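S.K.: Numbering (the numbering used here), first residue to last: 696 to 868.
The beta-carbon is built from N, C-alpha and C at its ideal position, and this holds for glycine as well.
As the structure is a prediction and not an experimental result, all values here were calculated from the model.
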Amino acid sequence: MNDLKVIVAPDIRLNQISKSINYIEKNISIVLDKMLECMYKNNGIGLAAPQVGILKRLIVIDCSNNKENKRPLKLINPEIISFSDELADYEEGCLSLPAQFAKVTRPNKIKLRYRNSKGDKIEKNFIGLEATCIQHEVDHLNGKLFVDHISKLRKNIIIKKLIKYKKKINTHG
Ligand code: NI
696 MNDLKVIVAP DIRLNQISKS INYIEKNISI VLDKMLECMY KNNGIGLAAP
746 QVGILKRLIV IDCSNNKENK RPLKLINPEI ISFSDELADY EEGCLSLPAQ
796 FAKVTRPNKI KLRYRNSKGD KIEKNFIGLE ATCIQHEVDH LNGKLFVDHI
846 SKLRKNIIIK KLIKYKKKIN THG
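1) Shortest alpha-carbon distance to G788 belongs to which of L727, I707, K862, L840?
2) Could you pull the DSSP bridge partners for D784 from this structure?
3) Looking at ligand 1, does it come within less than 7 Å of L770, judged from the CB to the closest heavy atom?
4) For ligand 1, is there a heavy atom less than 7 Å away from the beta-carbon of L790?
5) Under a three-way DSSP split, which group does G823 fall into?
6) Does T827 pass the burial test, meaning 16 or more other C-beta atoms within 10 Å, or should it be called exposed?
7) Which whole-angstrom value is the C-beta distance of R752 and L699, which I expect to be below 8 Å?
8) Which class does V833 belong to by DSSP, given the choice of helix, strand or coil?
9) Between D834 and M696, what straight-line distance do the alpha-carbon atoms span, to the nearest angstrom?
10) Compute every distance between the C-beta of H831 and the non-hydrogen atoms of ligand 1, then say whether any falls below 7 Å.
11) Beta-carbon separation of K714 and L750 under 8 Å?
12) Residues in the same chain with beta-carbon distance under 6 Å from F869, minus the five sequence neighbours each way, listed in chain order, please.
13) Quick check: the Cα distance between I716 and I771, rounded to an integer number of angstroms?
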């Protein structure tokens, strides 16, 4: 499998609904490892499969912010089954929206149901940055970006900047 490349918005592939994994294939583990490698290489804390052109419900995250003591999480078919009423604000960024940031308000706690890379069914609570990160990545699986949580005006400014950025990249290699 080749190295994965992050797709930059705007791109139609980032607006699709990804498909569930029906059974745990051996290949899925390889894809998840490649996704983690790609995420670390780009200094991200989360990556969803559609960001690398794979329209499947796969997510990797690592909010440890510690290169010596990594805490990777591989999530297959993640499903948020409850949200707290309590909210939290985070300045969000995204590998698909390079150098763009905006404050997004989301529930501070979630309960997540998912399968791990061994295929075990797991239910777990997440809080704070991890909860935000997972919500952000699950949005990707539903074709949504963090800019869909802010005003249309601010979203348009960011999208215009990204169009310019992509033109520059395409012209200069
Ligand atoms: Ni993202």
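M.R.: Inspection of the coordinates gives the following:
1) Minimum Cα distance to G788 is reached at L840.
2) Partner(s): T800.
3) Result no, Cβ not under 7 Å from ligand 1.
4) yes
5) G823: helix per DSSP, three-state reduction.
6) buried
7) The Cβ separation is near 16 Å, so there is no contact.
8) helix
9) 26 Å
10) H831: yes, Cβ under 7 Å from ligand 1.
11) yes
12) Because the chain here runs from 696 to 868, residue 869 falls outside it and cannot be looked at.
13) 7 Å
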